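Note that the sequence shown ends on residue 77 in the numbering used here; no numbers are left out.
Note that beta-carbon positions come from the ideal geometry of N, C-alpha and C, so glycine has one too.
Remember, predicted model here, so these are calculated numbers, not experimental data.
Reviewing the structure listed below.
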Amino acid sequence: MIRLGVALGANPATLAGLAGVGDLVATCSSPLSRNRTFGHHLGAGGSMESAQRATKGRWPRV
Numbered sequence: 016m017i018r019l020g021v022a023l024g025a026n027p028a029t030l031a032g033l034a035g036v037g038d039l040v041a042t043c044s045s046p047l048s049r050n051r052t053f054g055h056h057l058g059a060g061g062s063m064e065s066a067q068r069a070t071k072g073r074w075p076r077v
């Protein structure tokens with residue numbers, strides 16, 4: 016994540032700090048996270064449509 020951010024012009028300290036790590040932990044571990052829910056449905060073999068329904072239509076841009 017840090018390498019991608021730096022390649023896009025981000026300050027690496029921001030991504031390694033609480034803002035970056037905290038966001039990553041919350042996104043990956045919270046059952047309320049739309050990104051996690053979307054990815055879980057796709058990873059379990061679900062369709063794009065079922066993943067979109069599971070996130071109530073508020074899905075990441077794919």
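- Taking the C-beta atoms as reference points, residue 35 is found nearer than 9 Å to residue 20.
- Within 10 angstroms of the beta-carbon of residue 66 lie 16 or more other beta-carbons, which makes it buried.
- The three-state reading of DSSP puts residue 26 in coil, since its state is none of H, G, I, E or B.
- In the structure shown, residue 16 adopts coil according to DSSP, grouped into three states.
- The residues 41 and 42, in chain order, have a CB closer than 8 Å to that of residue 48 in the same chain once the five nearest residues on each side in sequence are set aside.
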